[in-house]
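**Student:**
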Amino acid sequence: MRIPKAIAGAAVAAFASAAEAGLASVCADSNHVCFQWGASQAAKSSGSANVYLQLRAPTSYAWFALGTGSSMRGASMFVVYNDGNNNVTLSTRRGQGHVMPEHTARSDVELLEGSGIVSGNMVANVRCTGCSDMDISSSSKWISAWKKGSSLDSSNPSAAIELHDGHSQFSVDLKQASIASDSNPFLSKSETGVSAGSNGNTGASAGSNGSTGASAGSNGNTGESAGSSGNTGVVAGPSGDPNQHLLTAHGVVMAIVFIVGYPIGSSIMPLIGNWILHASWQFLAFLGMWAGFGIGYTVASRNSVLFSDKHTRLGVIVCALMGVQPVLGWLHHLQYVKTQSRGAFSYVHIWYGRGLMILGIINGGLGLQAANPSTRFIVAYSVFAVITSIIYTASIVVGISKRLKQSAEKGTDSPSVSDGGRQQSLQYVSGRAV
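Here the sequence shown stands for residues -21 to -1, 1 to 413, numbered as in mature numbering (1 follows the signal peptide of the UniProt record, and there is no 0).
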């Protein structure tokens, strides 16, 4: 495809101007989501520099965002989305953890000219005059996130945004990201200064004073300024989320424990009747649960989201309560060996465990909702949950049938359904219930 000379020339001019200015830039999501930073050297020397940011992503994204710090909690966020009128909306928000950040109006953040829909990209040129959480004297951590999909088409800075598809973390050295003058560095030298700003209203759309994103780019600004070809300036490029592998491991381990480990282990007694195999299997699942809990605790602590959402709160409660289950199982075993019949500990052990298994599976769903994994993982989790639920239910039915048959043969009263599929009268022979 041939690129028109005018557009190519404007792009080269913009890139050269940005490179000359010494802007720091980084791109994420296969170079589709890009950010740039700059601050004047003179202003930085006085310790009161304005920080200039550019956020850019294709219009095929529903929204994208840049935030300060290493986690969502407490982060100052700049969220950008299409306003539906060929312009963009800049929404300043404050992160609260793994929940949708809410709009927080700021008078120190201004959308500058050159912003809008430019060459198929949403572009937001931003000046922050009071961003105290941006360290202009050294390297600082940043986060980004994005959601692909239909345009929000909203000029409301409080518009609801769906959970992100992807996110990234990186560090930027603003000390060395210097620009020549304390002015918008994202306009090429051929710009005529068509305004696309909102005069300080951080919730308004770019071009709210009459200009459009298209006209903002018609004078040479194609939105392809520094960073369009990769990372430039002084920046540690996107490293992805260092906790992502741990988060995946946590999800996989806990899914195996609660939708395979515990249900299958519970089915061993009514189907096979071997208490040693039952106890051994459940103990391995128990160890796996605590390994998964440790991984999850580490990730939640690093991201400051522990107890901040339903998944982490319920997860801690379920794991803590599950810690009592081995004790109840042992008390049930001792009681049965002594009396050759079930007692209070038996029924508490059975129903207590069932309740916690159900809560664990539900909490896994909450975890999937928060983590927004691939569709394949969600499908796999759902399919295995259904299969093991069927197996477990079938084992209860089989156990009840066995007990009814044995009761009839012995001429005893029929056992109740609440026995959970285990025989009313069991004799332990070499670790096997017969």
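All C-beta atoms in this analysis are idealised placements derived from N, C-alpha and C, irrespective of residue type, glycine included.
For H229, which residues of its own chain have a beta-carbon under 7 Å away from its beta-carbon, when the five flanking residues on both sides are left out?
**Tutor:** Here residue 229 refers to the residue found at position 250 of the sequence shown. Same-chain partners within the cutoff: G271, I274, G275, V278.
**Student:** Sort G294, A44, H77 by Cα distance to K126 and report the nearest one.
**Tutor:** If you number the sequence shown from 1, residue 126 lands on position 147. Closest by alpha carbon: A44.
**Student:** When burial is assigned at 16 or more other CB atoms within 10 Å of the CB, is V316 buried or exposed?
**Tutor:** Here residue 316 refers to the residue found at position 337 of the sequence shown. When all chains shown are included, V316 counts as exposed.
**Student:** Any idea what DSSP makes of H11, helix, strand or coil?
**Tutor:** Here residue 11 is taken as the residue at index 32 of the sequence shown, counted from 1. Coil, per DSSP.
**Student:** Given A364, which residues of its chain have a CB within under 7 Å of its CB, disregarding the five upstream and five downstream residues?
**Tutor:** As a first step, residue 364 is located in the sequence shown; it is residue number 385 there, counting from the start. Only I238, I340 meet the Cβ criterion.
**Student:** If we ignore side chains and look at the alpha-carbon of each, how far apart do N66 and H146 end up?
**Tutor:** Counting from 1 along the sequence shown, the entry for residue 66 is found at position 87. Counting from 1 along the sequence shown, the entry for residue 146 is found at position 167. Near 24 Å, if we compare the C-alpha coordinates of H146 and N66.
**Student:** Comparing alpha-carbon positions, which option in Q20, S374, L266 lies nearest S157?
**Tutor:** Here residue 157 corresponds to residue number 178 of the sequence shown, with the count starting at 1. Answer by Cα proximity: Q20.
**Student:** Can you find the residues in the same chain that come closer than 6 Å, C-beta to C-beta, to T108, ignoring five residues on each side of it along the sequence?
**Tutor:** Position 129 of the sequence shown, counted from the first residue, corresponds to residue 108. Counting only Cβ-Cβ distances below 6 Å, and skipping sequence neighbours, we find N29, D87.
**Student:** Under 8 Å by Cβ, that's how I've got S123 and F14 pegged, so tell me the actual separation to the nearest angstrom.
**Tutor:** The residue labelled residue 123 in the question sits at position 144 within the sequence shown. The residue labelled residue 14 in the question sits at position 35 within the sequence shown. Right, their Cβ atoms sit about 7 Å apart.
**Student:** To the nearest angstrom, how far is it from the Cα of N10 to the Cα of R35?
**Tutor:** The residue you call residue 10 lines up with position 31 of the sequence shown. The residue you call residue 35 lines up with position 56 of the sequence shown. Roughly 10 Å between the two C-alpha positions.
**Student:** Is S137 helix, strand or coil by DSSP?
**Tutor:** Taking the sequence shown and counting its residues from 1, the one referred to as residue 137 is at position 158. Note: S137 maps to coil in three-state DSSP.
**Student:** Rank S129, V358, H312 by C-alpha distance to the C-alpha of I255 and give the top, closest one.
**Tutor:** For this step, residue 255 is matched to residue 276 along the sequence shown. Per the Cα distances, H312.
**Student:** Are the beta-carbon atoms belonging to E141 and A258 less than 8 Å from one another?
**Tutor:** For this step, residue 141 is matched to residue 162 along the sequence shown. For this step, residue 258 is matched to residue 279 along the sequence shown. No, the pair does not count as a contact, with Cβ atoms beyond the cut-off.
**Student:** When the Cα atoms are used, what is the spatial distance from S246 to V362?
**Tutor:** By one-based count along the sequence shown, residue 246 stands at place 267. By one-based count along the sequence shown, residue 362 stands at place 383. Their backbone Cα atoms lie some 18 Å apart in a straight line.
**Student:** Would a check of beta-carbon distances place A323 closer than 8 Å to chain C?
**Tutor:** Here there is only one protein chain, and chain C is not present.
**Student:** How many angstroms separate the CA atom of S50 from the CA atom of H82?
**Tutor:** Position 71 of the sequence shown, counting from 1, holds the residue named residue 50. Position 103 of the sequence shown, counting from 1, holds the residue named residue 82. Looking at the two C-alpha atoms, the distance is approximately 17 Å.
**Student:** What does DSSP give as the partner residue(s) for C107 in the beta ladder?
**Tutor:** Taking the sequence shown and counting its residues from 1, one reaches residue 107 at position 128. In DSSP, C107 forms a bridge with V30, V88.
**Student:** Comparing C-alpha positions only, which one of G46, T47, N100, L32 sits nearest to Y60?
**Tutor:** Position 81 of the sequence shown, counting from 1, holds the residue named residue 60. Out of G46, T47, N100, L32, N100 has the C-alpha closest to the C-alpha of Y60.
**Student:** Could you give the DSSP three-state label for M101: helix, strand or coil?
**Tutor:** Against the sequence shown, residue 101 aligns to sequence position 122. Residue state, collapsed to three classes: strand.
**Student:** What is the DSSP secondary structure of K154, counted as helix, strand or coil?
**Tutor:** Your numbering for residue 154 matches position 175 in the sequence shown. If DSSP states are grouped into helix, strand and coil, K154 belongs with coil.
**Student:** With a threshold of 7 Å, establish whether the CB of A234 neighbours any heavy atom of the ligand FAD.
**Tutor:** The model on display carries no ligand, and the ligand FAD is accordingly not part of it.
**Student:** How would you write the range of the beta strand (DSSP E) that A124 sits in, first residue to last?
**Tutor:** The sequence position of residue 124 within the sequence shown is 145, counting from 1. 118 to 127 is the extent of the beta strand (DSSP E) around A124.
**Student:** If you follow the beta strand (DSSP E) that R72 is part of, which residue opens it and which one closes it?
**Tutor:** As a first step, residue 72 is located in the sequence shown; it is residue number 93 there, counting from the start. Residues 67 to 73.
**Student:** Leaving out the 5 sequence neighbours to the left and right, which residues in its chain are closer than 7 Å to D288 when beta-carbon positions are compared?
**Tutor:** The residue given as residue 288 occupies position 309 in the sequence shown. Excluding residues within five positions, the ones whose Cβ falls inside 7 Å are G76, H77, V78, A349.
**Student:** Is S4 helix, strand or coil when you go by DSSP?
**Tutor:** As a first step, residue 4 is located in the sequence shown; it is residue number 25 there, counting from the start. S4 falls in the strand class under three-state DSSP.
**Student:** Would you mind sorting S162 into buried or exposed? The rule is 16 or more other CB atoms within 10 Å of its CB.
**Tutor:** On the sequence shown, residue 162 is found 183 positions in, with the first residue counted as 1. The residue is exposed, with fewer than 16 neighbouring Cβ atoms inside 10 Å.
**Student:** As a quick exercise: from S133, N104, M56, pick the residue whose alpha carbon is nearest that of M113.
**Tutor:** For the purposes of this step, residue 113 is taken as residue 134 along the sequence shown, with counting starting at 1. For the residues S133, N104, M56, the minimum Cα distance to M113 belongs to M56.
**Student:** Just grab the DSSP bridge partners of H82 for me.
**Tutor:** Within the sequence shown, numbered from 1, the residue matching residue 82 stands at position 103. Beta-bridge pairing links H82 to R72.
**Student:** Roughly how many angstroms separate the alpha carbons of G240 and I379, rounded to a whole number?
**Tutor:** In the sequence shown, the residue the question calls residue 240 occupies position 261. In the sequence shown, the residue the question calls residue 379 occupies position 400. If I take the Cα positions, the gap works out to 22 Å.
**Student:** Between A138 and the rest of its own chain, which residues show a CB-CB distance below 6 Å, the 5 nearest in sequence each way excluded?
**Tutor:** Residue mapping note: residue 138 aligns to position 159 of the sequence shown, counting from 1. These residues qualify, in order along the chain: L131.
**Student:** Where in the segment 216 to 275 do unbroken runs of the beta strand (DSSP E), each at least 3 residues long, occur, reported from the N-terminal end onward?
**Tutor:** For the segment 216 to 275, not a single whole beta strand (DSSP E) run of length 3 or above is found.
**Student:** Based on DSSP bridge pairs, tell me the residues matched to R52.
**Tutor:** As a first step, residue 52 must be located in the sequence shown, where it is residue number 73. DSSP lists no partner for R52.
**Student:** Rounding to the nearest angstrom, what Cα-Cα distance links I357 and L335 in this structure?
**Tutor:** The residue you call residue 357 lines up with position 378 of the sequence shown. The residue you call residue 335 lines up with position 356 of the sequence shown. Straight-line Cα distance between these residues: approximately 21 Å.
**Student:** With distance defined between alpha-carbon atoms, name the residue in V236, N64, R85 nearest to G95.
**Tutor:** Along the sequence shown, one-based indexing puts residue 95 at 116. The shortest C-alpha separation from G95 is found at N64.
**Student:** Checking 8 Å against the spacing of the C-beta atoms, do L32 and V105 come in under that value?
**Tutor:** Along the sequence shown, one-based indexing puts residue 32 at 53. Along the sequence shown, one-based indexing puts residue 105 at 126. For L32 and V105, yes; Cβs fall inside 8 Å.
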